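Here the structure comes first, spelled out in structure tokens, and everything after it is commentary.
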Amino acid sequence: MADIRMEGVGHSYDGGRTWALRPMTWTWRSARAYALLGPSGCGKTTLLNIISGLLSPTTGRIWLDDREVTAVPTAGRNIAQVFQFPVLYEEMSVYDNLAFPLRNRGYPRAEVDRRVREVSRMLGLEGHLGRRSRRLDPGRQQIVCLGRGLVRPEVAAVLLDEPLTVIDPALKWTLRSKLKEIHRDTGHTLIYVTHDQTEALTFADEVVVLKDGGIVQAGEPAELFLSPAHEFVGHFIGSPGMNVLPAEVAGGVVMIGRTAVGRAAGDGGELPPGPVRIGVRPEFVQVLPSTPTARTAAERAAPGLSARITGVDRMGAYHLVHARVDGHTLVARTGTGSRYEPGTAAVLRFAAGRAFLFRDEVRCGSITPLEGGPGT
Amino acid sequence: MRAGGIALNAAAAAVLVVMIFPVYWMFATAFKPAAEIQAETPSLWPAHPTLEHFAAAVGADGFWTFWRNSLAVTGAAVLLALAVSLLSAFAVARMRWRGRGAFIVMVFAAQMAPWEALLVPMFIIARDTELLDSLAMLTGVYFMITLPFTIVTLRGFLAAIPVEVEEAALVDGCTRPAAFRRVVFPLLAPGLMATSLFGFITAWNEFAFVNVLIIKDQDKRTLPVWLSSFRDVFGTDWGATMAAATLFALPVLLVFLFLQRRVGAGMITGAVKG
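See below:
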């Protein structure tokens, strides 16, 4: 196992006109489970192929601990990779597929057999070892591919490129838990590419969010959810995504239309006046009755933003309340006990410390309460 | 069975009879005595089977020489075409390089050009390079005839093999040549067999070039030319001709029977994904 260090690594498929992966410096730390999250075409697979050596980066250098591997071919890097769709050696049996990476590296026969049986037991393939791999169903074929990735004991990292796409949803959960278990037992560095946030958040120690070929935020799942550093992270993680409202900073106060919603606290000092966008997750928008008498004393003390309910989605375990504020739509997640009807007036408040300010999509600050104002 | 199914089966049976009958007639005639062949009422199968025509064919002047020539020329041309086309197909299907599009167009153009149009130029080239009556020249011509088809077909087969299979082999510790040899090559086997069979049939049956390029040295002739020698100014020895034709068709038939399953699979793959 080793730290994988990328220094200024970038890749362009068209001679530098556009970057599939913008030059980046980043270290994948040994023995951690990473999820690489991002929409299709954001450079996830390019990044994996550069790490495994299937692709030479247009620029930059890669290190495995202290050894530079930028020019080292794939076989010399000792990295395992599982592709999105089952890639099997169809002419071989399941056993031979699993043994292939070990035989290529000259492991003794007894060790090959021991490792193959161990991995097949781990993945529930014991009963299929003698079968031709092409005769298995696609889900099981992909499990064989996973097995091939996990069979080598001393890999620097296992790269998984959306490996569960072809697996049944029910089996997906089992396999993901299995992968976590294997990660715990073996201590392999895992980099798991996905565009499914649930997969990423439940699997990883650290989630790296990629957009347009660049890392926009990396952190623990909770950090990404509670404190998005980029509008994209707010949209991409969470269901539904973060609400975004245009606002203005004037005299240190954040205004939506003519309503002051809180004080602007810049991430790096005082925030210059001018337009900003407020990002707040539906989970942190509170919906209150518009008539003050219907509110508690504490709720009355913080009057909030006037809104009109436009719709309610009953999601089973919770409700999604859609409202319009100053011409903009906002979604709030409420308990199933809430009784808001479309067309009625309401008051909205943001949870303290959970509403953020963005400029050029990048977070620049947060909203702190105004004394007696709508932020709490 | 539905009416549509019956009609389709009947059509298939009709096609089968039309295709098989001439071959059957060749076999049957080869075993019939001369009187039976010449009889006014033709019989569907030999009443008194005989091997005398086979003896005549095998005993005819230079049979084994021509057989050896045919096998050598065909085998060499097919192997050469396979080796060159495999590399070309790999370059076309897997690599991006300047002039790749033009190369593909050129190969297609070469495949579309009628071979007969090349008879005279080839004769002049062979004459001027003193390669008339040379088996090497003939091998070169057959190689040239079969090459475009094999490149185009193998390219289709290679393109149908996902590049990820090679990448997986690289990740699993193979070098690039080893990945090709151990993982891609076995998957390519049906394609190689289909194309080699086509090349074999084409070169084995070829008559026009050998007739033009082998003029003086009779020992350099191949089986198709030899077959025509059974017909002379005094008429045709049909029995011997059919026996010779049977012996001539036998290798192709054996090769086809041997490769049949894989070739079938290969043709379907090539047709769908090629």
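Order-wise, the sequence lines are chains A and B.
Going by the working numbering, the first sequence runs without a break in its numbering and finishes at 620.
Going by the working numbering, the second sequence runs without a break in its numbering and finishes at 310.
Glycine included, each C-beta is placed from N, C-alpha and C at the ideal position.
A quick note: this is a predicted structure, and the numbers were derived from the prediction, not measured.
Quiz item: Does any residue of chain A bring its CB to less than 8 Å from the CB of Glu166 (chain B)?
Solution: Residue mapping note: residue 166 (chain B) aligns to position 130 of the second sequence, counting from 1. No - not a single Cβ of chain A is within 8 Å of the one on Glu166 (chain B).
Self-check item: Opening and closing residue of the beta strand (DSSP E) in which Tyr278 (chain A) lies
Solution: Sequence index remark: in the first sequence, residue 278 (chain A) carries index 34 (1-based). Here the beta strand (DSSP E) through Tyr278 (chain A) covers Ala277 to Leu281.
Quiz item: Can you name the start and end residues of the beta strand (DSSP E) that Phe67 (chain B) belongs to?
Solution: Your numbering for residue 67 (chain B) matches position 31 in the second sequence. First-last for Phe67 (chain B): Ala39 to Phe67, but that is the alpha helix (DSSP H), not the beta strand (DSSP E).
Quiz item: Are any of the Cβ atoms in chain B nearer than 8 Å to that of Arg359 (chain A)?
Solution: Within the first sequence, numbered from 1, the residue matching residue 359 (chain A) stands at position 115. For Arg359 (chain A), the closest Cβ of chain B is not nearer than 8 Å.
Practice problem: Could you confirm whether any beta carbon from chain E is found closer than 8 Å to the beta carbon of Val331 (chain A)? | Solution: Protein chains in the displayed structure are A and B, and chain E is not among them.
Quiz item: Apart from the five residues just before and just after Ala48 (chain B), which ones in its own chain have a Cβ nearer than 8 Å to its Cβ?
Solution: As a first step, residue 48 (chain B) must be located in the second sequence, where it is residue number 12. Closer than 8 Å at the Cβ level, and outside the excluded window around Ala48 (chain B), lies no residue.
Practice problem: Please name the residue, chosen from B:Arg257, B:Leu233 and B:Ala276, that lies closest to Leu293 (chain B) on a Cα-to-Cα basis. | Solution: Residue numbering aside, residue 293 (chain B) sits at position 257 when the second sequence is read from its first letter. Checked all of B:Arg257, B:Leu233 and B:Ala276; the closest Cα to Leu293 (chain B) is B:Leu233.
Quiz item: What first and last residue would you give for the alpha helix (DSSP H) that runs through Ile294 (chain A)?
Solution: For the purposes of this step, residue 294 (chain A) is identified with residue 50 of the first sequence, where counting begins at 1. First-last of the alpha helix (DSSP H) with Ile294 (chain A): Lys288 to Ser296.
Quiz item: How big is the Cα-Cα spacing for Gly512 (chain A) and Ile459 (chain A)?
Solution: What you label residue 512 (chain A) is simply residue 268 of the first sequence in a count that begins at 1. What you label residue 459 (chain A) is simply residue 215 of the first sequence in a count that begins at 1. Each residue's Cα considered, the two are about 20 Å apart.
Quiz prompt | Simplified DSSP state of Ala269 (chain A), which is helix, strand or coil | solution = Within the first sequence, numbered from 1, the residue matching residue 269 (chain A) stands at position 25. According to the sequence displayed, residue 269 (chain A) carries Thr and not Ala. Thr269 (chain A) carries a strand assignment under DSSP once its states are collapsed to helix, strand and coil.
Quiz item: Does any CB atom of chain A fall closer than 8 Å to the CB of Leu122 (chain B)?
Solution: Locating residue 122 (chain B) in the second sequence gives position 86, counting from the first residue. Contact of Leu122 (chain B) with chain A is not assigned, every C-beta pair being separated by 8 Å or more.
Practice problem: With a cut-off of 8 Å on the beta carbons, I'd call Phe90 (chain B) and Ala66 (chain B) a contact; round off their distance for me. | Solution: Stepping through the second sequence from its first residue, residue 90 (chain B) is reached at position 54. Stepping through the second sequence from its first residue, residue 66 (chain B) is reached at position 30. Rounded, the Cβ-Cβ distance is 7 Å, consistent with contact.
Quiz item: Could you give the distance in angstroms between the alpha-carbon of Asp440 (chain A) and the alpha-carbon of Val452 (chain A)?
Solution: As a first step, residue 440 (chain A) must be located in the first sequence, where it is residue number 196. As a first step, residue 452 (chain A) must be located in the first sequence, where it is residue number 208. So the two alpha carbons sit approximately 13 Å from each other.
Quiz item: Under the three-state reduction of DSSP, which class applies to Arg212 (chain B): helix, strand or coil?
Solution: As a working note, residue 212 (chain B) is residue 176 in the second sequence. Correct three-state label for Arg212 (chain B): helix.
Quiz item: Buried or exposed: which applies to Met559 (chain A), given that a residue is buried once 16 or more other Cβ atoms fall within 10 Å of its Cβ?
Solution: As a working mapping, residue 559 (chain A) is identified with position 315 in the first sequence. Sixteen is the threshold: since fewer than 16 other Cβ atoms of the shown chains lie within 10 Å of the Cβ of Met559 (chain A), the residue is exposed.
Self-check item: Residue closest to Thr588 (chain A), alpha-carbon to alpha-carbon, out of A:Phe600, A:Leu532 and A:Asp604
Solution: Within the first sequence, numbered from 1, the residue matching residue 588 (chain A) stands at position 344. For the residues A:Phe600, A:Leu532 and A:Asp604, the minimum Cα distance to Thr588 (chain A) belongs to A:Leu532.
Exercise. Could I get the ranges of all uninterrupted alpha helix (DSSP H) runs contained in the segment 65-93 of chain B, with 4 residues as the minimum, in chain order?
Key: 70-74
Practice problem: For the segment 290-316 of chain A, enumerate the residues whose C-beta is nearer than 9 Å to any C-beta of chain B, in chain order. | Solution: Near chain B, meaning a CB-to-CB distance below 9 Å, the residues of the segment 290-316 of chain A are Asn293, Ser296, Gly297 and Leu298.
Self-check item: Residues within the segment 210-225 of chain B neighbouring chain A, beta-carbon criterion of under 7 Å
Solution: Shown in chain order are the members of the segment 210-225 of chain B whose Cβ falls below 7 Å from a Cβ of chain A: Cys210, Thr211, Val219, Pro222 and Leu223.
Exercise. Evaluate the contact criterion for the segment 312-321 of chain A versus the segment 184-200 of chain B: three or more CB pairs, one atom per stretch, below 8 Å.
Key: no
Self-check item: Leu592 (chain A) versus Ala551 (chain A): straight-line alpha-carbon distance, rounded
Solution: As a working mapping, residue 592 (chain A) is identified with position 348 in the first sequence. As a working mapping, residue 551 (chain A) is identified with position 307 in the first sequence. Approximately 7 Å, taken between the alpha carbons.
Quiz prompt | Beta carbon proximity, Thr318 (chain A) to chain B, threshold 8 Å | solution = Numbered from 1 along the first sequence, position 74 holds the residue referred to as residue 318 (chain A). Yes, contact with chain B.
Self-check item: Val213 (chain A) versus Ala466 (chain A) - alpha carbon distance
Solution: In the structure as shown, chain A starts at 245 and stops at 620, and residue 213 (chain A) therefore has no counterpart that could be examined.
Practice problem: Kindly indicate the opening and closing residues of the beta strand (DSSP E) around Ser610 (chain A). | Solution: As a first step, residue 610 (chain A) must be located in the first sequence, where it is residue number 366. Following the DSSP letters along the chain, one finds Ser610 (chain A) inside the beta strand (DSSP E) bounded by residues Val606 to Thr612.
Practice problem: Express the C-alpha separation of Ala205 (chain B) and Asn322 (chain A) in angstroms, rounding to a whole number. | Solution: Locating residue 322 (chain A) in the first sequence gives position 78, counting from the first residue. Locating residue 205 (chain B) in the second sequence gives position 169, counting from the first residue. Cα to Cα, the separation comes out at about 12 Å.
Quiz prompt | Test: Leu295 (chain B) CB closer than 8 Å to a CB of chain A | solution = Locating residue 295 (chain B) in the second sequence gives position 259, counting from the first residue. No - not a single Cβ of chain A is within 8 Å of the one on Leu295 (chain B).
Practice problem: Within the same chain, show all residues whose beta-carbon is closer than 7 Å to that of Ala215 (chain B), passing over the 5 residues directly before and after it, in chain order. | Solution: Locating residue 215 (chain B) in the second sequence gives position 179, counting from the first residue. Correct list, in chain order: Glu202, Ala205 and Leu206.
Exercise. Kindly say whether Glu251 (chain A), judged by its beta-carbon, lies nearer than 8 Å to any beta-carbon of chain B.
Key: Position 7 of the first sequence, counting from 1, holds the residue named residue 251 (chain A). Output row for Glu251 (chain A): interface = no.
Quiz item: Ala504 (chain A): beta carbon under 7 Å from a heavy atom of the ligand NAD?
Solution: The ligand NAD is not part of the structure shown, which contains no ligands of any sort.
Quiz item: Within this structure, are the beta carbons of Asp208 (chain B) and Phe329 (chain A) separated by less than 8 Å?
Solution: As a first step, residue 208 (chain B) is located in the second sequence; it is residue number 172 there, counting from the start. As a first step, residue 329 (chain A) is located in the first sequence; it is residue number 85 there, counting from the start. Not closer than 8 Å, so no.
Quiz item: Gln325 (chain A) touches chain B at which residues, Cβ-Cβ below 8 Å?
Solution: Your numbering for residue 325 (chain A) matches position 81 in the first sequence. Correct list: Glu203, Ala204 and Val207.
Exercise. Kindly indicate if chain B contains any beta-carbon less than 8 Å away from that of Thr620 (chain A).
Key: Taking the first sequence and counting its residues from 1, the one referred to as residue 620 (chain A) is at position 376. Residue confidence for Thr620 (chain A) is low, a pLDDT of 43 falling below 50, so the modelled location carries little weight; the figure read from the coordinates is stated next. No, its Cβ sits nowhere closer than 8 Å to a Cβ of chain B.
Quiz item: Since Arg349 (chain A) meets chain B, which of its residues come closer than 8 Å, beta carbon to beta carbon?
Solution: The count along the first sequence starts at 1 and reaches residue 349 (chain A) at position 105. Here the neighbours are Gly209.
Practice problem: May I ask you to report which of helix, strand or coil DSSP gives Gly523 (chain A)? | Solution: Walking along the first sequence from the start, residue 523 (chain A) turns up at place 279. Strand, per DSSP.
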